[in-house]
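Presented below is the structure to which this report refers.
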Amino acid sequence: MRSFTIGRVQGIAINIHPTFALVPLLVIWNQQQAGGWDASALVFGMILTGLVFACVLLHELGHGAMALQFGIRVHDITLWPMGGVARIETAAAAPKVEWLVAMAGPAINVAIAIGLLPLIVLYGLLRGYRSPGPLMDEVFVADGPGALLVYLLLVNLLLVAFNLLPAFPMDGGRILRAWLTVVTDRDTATRVAVVIGQVIAAGLIVAGPVFGQYSLVLVGIFVIVAARSEGRTVRLETAMRRLSVGQFALWDSGGIEPTRTVPHALRGGPRDVVVTDDGRVVGMLWRGQVLRAMRDGLESRLVGEVMDRDVVSADARDSVFDVQQLMIRLDRWAIPITEDGLYKGVFTGERFMHVYRQLEVGQARGRPTGVFGQVSQGLSDMLRAFGR
Ligand SMILES: [Zn+2]
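Under our numbering, think of the first position of the sequence shown as 761, with each following residue one higher.
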């Protein structure tokens, strides 16, 4: 099921997942459980839910805006029934920047909560209350503007507390890891943060039934799965940082010369081809450009006339991780690899997927056994699929 985009803020796409349609149904169901059909209570429930998700969205936009401040790419923000997810490329960011990006979300909810306080006081004064007591009494019996303001304040405080839990995928997990990277490397910091998160999750799973709050059990399971998934991602990242891209580049018969004709570039099938002159990279012939040139009847044109001269190369000694990040930044899925300034081969998105799968197979050797292990593995695979 694909999310659909409802708008853009500062270039960040705001998506809604199709399962979000369950939210109004849940509100109606909840209302019915609470005491049958009551139009005004239903409207109140819908408005409150809408405002809660607006706060969740502002929280995610806080992360996004801070990331943009540091020139970090923000893919999009997606609203799910259980909350919001901002996809931000913080993997290559400095720990301090990752910390600031993680803090920006909860900071927004703190700001909203502080902003609501004078409104609540004003509402109480307008109602002629002299102390908070009568207002609280009103909140518990009537759905009105007073209840709306107080509930929103509580929701924002809950969002802050929940997101600051030091466990992945919550912001607190990222904040904890950023602190740990002061004393150790990112891989170890992640591992420690994952374990701390899982201990907290286990605590939630135990505490849930004790306090009769069964939703804590679900949160605990979710945290355990997400922490595992984060640990995996970072392990893969670390492995990719250790591999140099040179060994995975395809030689591709040394690229193509600019004096060749366009159809010659297609002899190995339509693909992105590096243009080289005397062993040096001079341009890139993008698959799409070649096909367009052919369609426009420009078969006789030379590669040098059609090629993209504005091409960025990577060094054979650069890590697979750095080159993949570069490809994401450039929005290109093929990049020439050079060694001492001379063309060595082309690294493509497919090559990257090949490396990624190899590493994943290597990691899967330590796959968990037992029912819980299998379930958590399945959920973690599902989570990663969501992340894509
Ligand atoms: Zn957050």
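Every residue, glycine too, gets a C-beta built ideally from N, C-alpha and C.
Under the DSSP assignment, Y889 falls outside any alpha helix (DSSP H); it carries neither an H nor an E label. Excluding residues up to 5 positions away in sequence, T850, R934 and A938 lie with their Cβ nearer than 7 Å to the Cβ of E858 in the same chain. Relative to the non-hydrogen atoms of ligand 1, the Cβ of E820 comes within a distance shorter than 8 Å of at least one. G1043 sits close to V1071, with the two beta carbons spaced by under 9 Å. Secondary structure of L924 (DSSP, three-state): coil. Bridge pairing for E1099: L1102 [DSSP]. Bounds of the alpha helix (DSSP H) holding A962 are R946 to F971. Setting aside the 5 residues that flank it on each side, P892 is surrounded in the same chain by G884, each with a C-beta closer than 8 Å to its C-beta; the list follows chain order. For A846, there is no enclosing alpha helix (DSSP H); the residue is part of the beta strand (DSSP E) that begins and ends at G843 to I848. Judged by DSSP in its simplified three-state form, V1034 adopts strand. In the three-state scheme derived from DSSP, where H, G and I count as helix and E and B as strand, S1013 is classed as helix. Contact between L940 and A953 is confirmed by a C-beta separation of about 6 Å, below the 8 Å threshold. Under the three-state reduction of DSSP output, F1107 falls in the strand class. In this structure, E820 keeps its C-beta atom at 9 Å or more from the C-beta atom of G805.
Relative to ligand 1, even the nearest heavy atom lies 8 Å or more away from the CB of M842. Sequence-distant Cβ neighbours of L817 in its own chain, meaning closer than 8 Å and more than five residues away, are I774, I837, L839 and G844. Taking the Cα positions, V1035 is about 48 Å away from A927.
Using a cutoff of 8 Å, the CB of N923 counts as near ligand 1, since one of the ligand's heavy atoms is closer than that. Looking at the backbone, the Cα of V955 and that of L786 are separated by about 34 Å. DSSP, read as helix, strand or coil, puts W840 in strand. Between V812 and G991, the alpha-carbon positions lie close to 30 Å from each other. In this structure, T1021 lies near R1061, with their beta-carbon atoms less than 9 Å apart.
Separation of the CB atoms of G1006 and E1099 is rounded to 6 Å, and the pair is thereby assigned contact status at 8 Å. In this chain, V942 is not harboured by any alpha helix (DSSP H), its DSSP state being neither H nor E.
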